[in-house]
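What follows is a set of notes on a single structure, which appears directly below.
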Amino acid sequence: MNKHQFFRRTALSAALLAAFGPGVAAGDEVTEATKPDSGVDVGAGYVNKDNQRFGQYNGLNKQGGYGLLDFYLQKREEETGTWTRFTGRNVGLDSRELHFDQERQGNWSYSIDYNQIPRLSPYTVNTSLQGIGTNSVTQGTTASPKSDVELKTERDITTLGGEKWLGSRFNVRLSFRNEDKDGTRLWGGETGGNMAFIPEPINFNTRQLEATLGFIGEKLQLSGGYYGSMFTNNNSSLTITPAPASNLISPEPLVPGNQAHQAFLQGGYSFTNTTRGNFKVSYTRATQDEQFIFGNPTGTLLNNLTSPNARVDTTIAQFGVSARPMPKLSLLANFRYEDRADKTPETPFVTAGGVGLTNTVFSRITRGGKIEGSYQLPKGYRATLGVDVLDTDRTVPDVRIVSWRAKNDETTYRAELARSMSETVNGRLALLHSDRTGSDYLNNVKPGATYTTTLAPIIWADRTRDKARLTLDWMPTNPLSLQLIAEDGRDDYSGLPLGPQTGKEYFYSIDGTYVFSESFRANAWVSRNYTRMDQLSKVVNTTTVDENGSPVPNGTVWGAQLANRGDSAGLGVSGKPTGQLELGVNFLYQYDTTYQGMSLANGTEPPQLPDYYYKLVRVQVYGTHPLDKKSGVRLDVINDRRTTNDWLWTDFVYPQDGTTVRQDTHAVVTFVGVSYYYRFQ
Amino acid sequence: MKPIVRAALLCVSLFGLGAVSSARAADENAPPTAAGGGASKDLVLKGDARCTRCHDQDDNPQLLAIGKTKHGTRADARTPTCTSCHGESDAHVNNPAGLSTRPKPDRTFTKNSTTPVEARNDACLACHQGSMRTLWAGSTHQARDLACTTCHRIHSEVDPVRVKVTQPDVCFTCHKEQRAMINRPSRHPIVEGKVTCSDCHNPHGSAGPKLLARDSVNQTCYTCHAEKRGPFLWEHMPVTDDCTNCHNPHGSTVDNLLKVRMPFLCQECHEPTSHRGNMPGFVNPNKFDNQPQSLGITEGRACTNCHLNIHGGNSPTNNAAARSFRR
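Going down the list, the protein sequences come from chains A and B.
Quick note on the numbering used here: the first sequence kicks off at 1 and runs consecutively.
Quick note on the numbering used here: the second sequence kicks off at 1001 and runs consecutively.
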């Protein structure tokens, strides 16, 4: 399905026409067929209702009218091969994009981009909190009058780029991207035993600079350079009034600024026509050295440090070779190494059980390798066998509240059979089996506390994974083509009694396309995806009750069965019922259901959590009619229906001040847009 | 193309090839002219008369649309001509055997092409080796026999895979699971064309897993979410390891693109000691704390109602709240 059809670029405005040249000379068919096109769409649209999901990212979140302007203007000077391009999308909306570039092909180019990305929270907050969006908020009480607040963020991104060819082999590329992100997001913490609504003020700036020098030879290609990313938070802290009694502090430290600088080199070399090697190495240094925000109540400090002096060095190296030693046999091998070395000094900051605990430092080394062979069999079949190996070594922290593993190893075996170059049926069957094991689990330990070692964390538990995937392309008749995808997988975990037990997933999809004629075609698809995780934990609190209200003994194992099922379908029809009028309809249906079942090992049943669903139905109808050879009009109508019974915020009332959060559980939004388009060269 | 025009051209090709060649050389940069009548001249690319004497604007104007693209910029000395990609194709051009079904060009790129994928890709890699495609050899798409033209449209003015709004549709030709995910309630703005597949993935090859654009999952995510990079004083290990330990970037029914709702997500790693093993529920409707079956761990932001700095904390205060991301 084509998204954003209502912003398809076509038409023109007189002012831009003057800059980019006259229209096509009548009768010059070759020129018309070979000269770059330009176009402009200008019009107006209307949204019938305030909304939070339909307009979450496109700026169409308020009832009312909108100006629509898209343009795509390009000109090529034939003598020099110099392009000039100026494009705009959604210019009349808060999601506007503008791009300008000039390029002398094979010599130089430069560009400038502007991109706005709004993001509206899908929730409406009803609160008495004052100062939202600033670095100082004042809380009310549960008795304070409240009003609705919309939380949103907006990114303004400007990107400058340039490239220069130095001769025919070398080129230099520069890119600078500046992003300002402003707004607020749903956030909060605990103060004096009460959960509090404290939205995070966002006033971020991220700058990224990339410089690359490249060499392109007949056999050897190399590129190397620098990539730097600098993040700044213009709000270092948030003042909360009245000052929190515990946990949260005032001023509360906000996410600190950081930097990362990377040097990299990558290349490829064709040893022969059938053997090629490639590699990439990179070294990244990430640092964070913002001044600490001590806040109140600070209590005692264990050291005199004023900043963390945090630093992580990451080295990544990847080498690969692919070869075809025989016409029908292809081989490839690949090795990847990653070393994340946390160089942050370890210093005692927090006392527990009379012992000073240092800040947390995590280092990790992973080594991975892959070998794969593929052989061309008769009748268009191709068989592939492969083995992947992944080895991980981790540092072991002194304080552990998860069952730690210093080492993991995983081996994956793959087998595939594919058939191509058939006029009727092509496809692929892939099978995968992997085994992950590791070192012995290390006891959980923290001074002054007693921990068990009974739960195998999902990220490094022993795991056996099996997966099968079938893809078929079938053209039973010339105008009809079908595509089928079926996938099924299962994970089995082991090692410790608690934690993830089994994971399952399947995915089925059928796509069909029917070409009735050159000007009339239809496509349809339907898919289902399903994932499920079964995991175990243990009752640790005597106030846990079963569905009858009876206490569940401490130590009773309880299980969660977490599943998600998604059903999706799409239909698209487009055609020209008359010689000039073009009509199209796109339909999308999506229904996602989440199940969160729980069970008790003692034979009783716990109170269950309700299932919840999200449903989306979208119908888009469009029509275009030319007024003459170069221009026409277009009508777009979109009806977007979303319903949900999600209970996530239904009963939740922030005890600190009575703030509540809600979402529209049944939103029906209609957009109508009319535009005039003009095309020229 | 009109039959009489085709016949005229056949006569010219049989008896006037020399004249055509010299005329072509002399008129290398001449403006294109319509085919038919007299010596063939290039229409779009240097030396394309060999092909465009038949494949002209009357035959298939869509093929000529290559002229609207960078592949049609004659002033660029690197610009190929038809035979650069399709081969000299003498059998197709001349049909010496006089077959009723004209042989196909040496190299074809349609869906049902019998040209080996590697041969098709060699045509593209002759010029487009290096840069973002340096790691193509041995990459997943290359090893799965994906032709460049499976995703790219060369003879079209607009190549849908190179336009942010339409790129996902091309990827969804094979990656159907992601098609189902991008419309989930918690999502990246892919539908709106603000984020597209190539913002995170380099389909031409990568040193990272899953053809990620940067060298690792986290480095890719930090491109837009640099505030999560830290390093922090108090690190959360799965965060430093891999963002996808907790998040599904293609779409989720759980807020903030989480794979599973809290507390279940956190209980996939954390020992059931203290409150970590508590079952969620609505048994205590007026309790907004971390006790069993309370709204504090079930609704709202669940565990992050208290553990607000879950990606890492930077408070140096001597308080357990600092260490456990509650401040």
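Note that CB positions come from ideal geometry on N, CA and C, so glycine has one too.
DSSP three-state assignment for residue i, whether helix, strand or coil
i: M694/A; result: Residue 694/A is absent from the structure shown; chain A starts at 1 and stops at 681.
i: D409/A; result: strand
i: K1070/B; result: helix
i: N443/A; result: coil
i: I1182/B; result: coil
i: P1238/B; result: helix
i: G597/A; result: strand
i: G623/A; result: strand
i: T1220/B; result: helix
i: P1209/B; result: helix
i: Q5/A; result: Caution applies to Q5/A, whose pLDDT of 36 falls short of 50 and renders its modelled position unreliable; the model cannot decide the point.
i: D628/A; result: coil
i: T1244/B; result: helix
i: S1230/B; result: Before going on, a small fix: residue 1230/B reads as Gly here, not Ser. Three-state DSSP puts G1230/B in coil, outside helix and strand.
i: K370/A; result: strand
i: T452/A; result: coil
i: R642/A; result: strand
i: D148/A; result: strand
i: L1257/B; result: helix
Contact check, residue i vs residue j, beta carbons under 8 Å
i: N70/A; j: V91/A; result: One detail in the question is off: residue 70/A reads as Asp in this sequence, not Asn. Result yes, Cβ atoms of D70/A and V91/A sit closer than 8 Å.
i: T542/A; j: N564/A; result: no
i: S1216/B; j: I316/A; result: yes
i: P1316/B; j: L1233/B; result: yes
i: R698/A; j: K152/A; result: With chain A running from 1 to 681 in the structure shown, residue 698/A is simply not present.
i: C1200/B; j: P1238/B; result: no
i: L1063/B; j: H1071/B; result: no
i: F231/A; j: A1322/B; result: no
i: D466/A; j: R490/A; result: yes
i: E103/A; j: T82/A; result: yes
i: S1186/B; j: S1252/B; result: yes
i: I112/A; j: P1189/B; result: no
i: Y110/A; j: G162/A; result: yes
i: Q52/A; j: N58/A; result: no
i: P607/A; j: F1282/B; result: yes
i: A352/A; j: P497/A; result: no
i: T698/A; j: A310/A; result: Outside the displayed span of chain A (1 to 681) sits residue 698/A, for which this structure offers no information.
Any C-beta of chain D under 8 Å from that of residue i
i: D440/A; result: Structure shown: chain D not included; protein chains present are A and B.
First and last residue of the uninterrupted alpha helix (DSSP H) at residue i
i: I459/A; result: That residue, I459/A, is in no alpha helix (DSSP H); it is neither H nor E in DSSP.
i: P1061/B; result: P1061 to L1064
i: S1198/B; result: C1197 to C1200
i: T1140/B; result: T1140 to A1143
i: C1125/B; result: Position check: residue 1125/B holds Leu in this sequence, whereas Cys was assumed. Run containing L1125/B: V1117 to H1128, per the alpha helix (DSSP H) assignment.
i: A1077/B; result: From DSSP, A1077/B is part of no alpha helix (DSSP H); its letter is neither H nor E.
i: P1168/B; result: Q1167 to C1171
i: I401/A; result: Run containing I401/A: none; DSSP gives neither H nor E here.
i: R1050/B; result: A1049 to T1052
i: L1295/B; result: L1295 to T1298
For residue i, the nearest candidate out of the options (CA to CA)
i: T411/A; options: D388/A, R405/A and G499/A; result: D388/A
i: T1073/B; options: K1046/B, H1141/B and R1053/B; result: K1046/B
i: E682/A; options: A1119/B, T1069/B and C1221/B; result: This structure cannot settle anything about residue 682/A, because the visible part of chain A is limited to 1 through 681.
i: T437/A; options: R469/A, D492/A, G189/A and P447/A; result: D492/A
i: T191/A; options: F215/A, W647/A and A243/A; result: A243/A
i: A418/A; options: D398/A, A383/A and D646/A; result: A383/A
i: P655/A; options: T1101/B, L1295/B and E1157/B; result: L1295/B
i: R336/A; options: M326/A, I371/A and T344/A; result: I371/A
i: T1223/B; options: T544/A, Y595/A, E210/A and R528/A; result: E210/A
Cβ separation of residue i and residue j, assumed to be a contact under 8 Å, to the nearest whole Å
i: I157/A; j: E179/A; result: 5 Å
i: R276/A; j: A1126/B; result: The pair is not a contact, with the Cβ atoms about 14 Å apart (cut-off 8 Å).
i: G224/A; j: F264/A; result: 6 Å
i: G555/A; j: K538/A; result: 6 Å
Residue i, enclosing beta strand (DSSP E) - first and last residue
i: S434/A; result: V425 to G438
i: N258/A; result: N258 to S270
Distance cut-off 7 Å: residue i Cβ against heavy atoms of the ligand HEM
i: L1258/B; result: Within the structure as shown, the ligand HEM is missing, as the structure has no ligands at all.
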